[in-house]
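Here the numbering used here runs 877 ahead of the position in the sequence shown, where the first position is 1. Cβ coordinates follow ideal geometry from the N, Cα and C atoms, glycine included. None of the values given here were measured: they were computed from a predicted structure.
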Amino acid sequence: PRIHFMLSSYAPVISAEKAYHEQLSIPEITNAVFEPSSMMAKCDPRHGKYMACCLMYRGDVVPKDVNAAVGTIKTKRTVQFVDWCPTGFKCGINYQPPTVVPGGDLAKVQRAVCMISNSTSVAEVFSRIDHKFDLMYAKRAFVHWYVGEGMEE
878 PRIHFMLSSY APVISAEKAY HEQLSIPEIT NAVFEPSSMM AKCDPRHGKY MACCLMYRGD
938 VVPKDVNAAV GTIKTKRTVQ FVDWCPTGFK CGINYQPPTV VPGGDLAKVQ RAVCMISNST
998 SVAEVFSRID HKFDLMYAKR AFVHWYVGEG MEE
């Protein structure tokens, strides 16, 4: 399917203090990227179904571990896919370690994963925006700018 409204996610999002104590494994960051706390949009992917999923790994990653992590997700069925696209995973590996902004909030880690997915849970974002629009339009907020430009109310 064509991906119109993608959801992006990144893991691990940890501070330098935490990264100093622990290095996360490939299965851990793969599971973390599906958590709502890792999503770049405020929605819960567990409430929807995935149509497609692209996992892009960076750093100290080997294909065997990636295949094992994705295989675990498929067998445990922790991630729900639509019935007409049961194996919608695409994986990529870049062996260069993830880069960070010096002095930034994100810690320098050995490996990271970025996910771009097509999920029905993105509807939560649009329903929230629709609700906020209805509240503002009920008060006629900003409508005068459009009326002044010739648009009818």
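Met933 is the residue among Met933, Ile891 and Ala984 whose C-alpha sits nearest the C-alpha of Ser994.
Looking only at Ser915, Val990 and Cys962, the smallest Cα-Cα distance to Ile970 is reached by Val990.
Using a C-beta cut-off of 8 Å, the segment 958-977 makes no contact with the segment 1004-1013, since fewer than three inter-stretch Cβ pairs fall below that distance. Rounded to whole angstroms, the gap between the alpha carbons of Lys953 and Ile1006 is 34 Å. Fully enclosed alpha helix (DSSP H) runs of no fewer than 4 residues occupy 893-898 and 903-909 of the segment 882-920, in order along the chain.
In the DSSP assignment, Asn995 is bridged to Met883 and Ala929. Assigned with DSSP and collapsed to three states, Lys951 falls in helix. Taking a cut-off of 8 Å for Cβ pairs, the segment 977-988 and the segment 900-914 touch, as three or more such pairs fall below it. The secondary-structure analysis by DSSP pairs Cys962 with nothing; it has no beta-bridge partner. Closest in alpha carbon position to Gly980, among Ala945, Val943, Asp921 and Ser892, is Ser892.
When secondary structure is reduced to three states using DSSP, Gly980 falls in the coil class, being assigned neither helix nor strand.
Under a 10 Å Cβ-count criterion, Met992 is classified as buried, with 16 or more other Cβ atoms of the shown protein chains found around its own Cβ.
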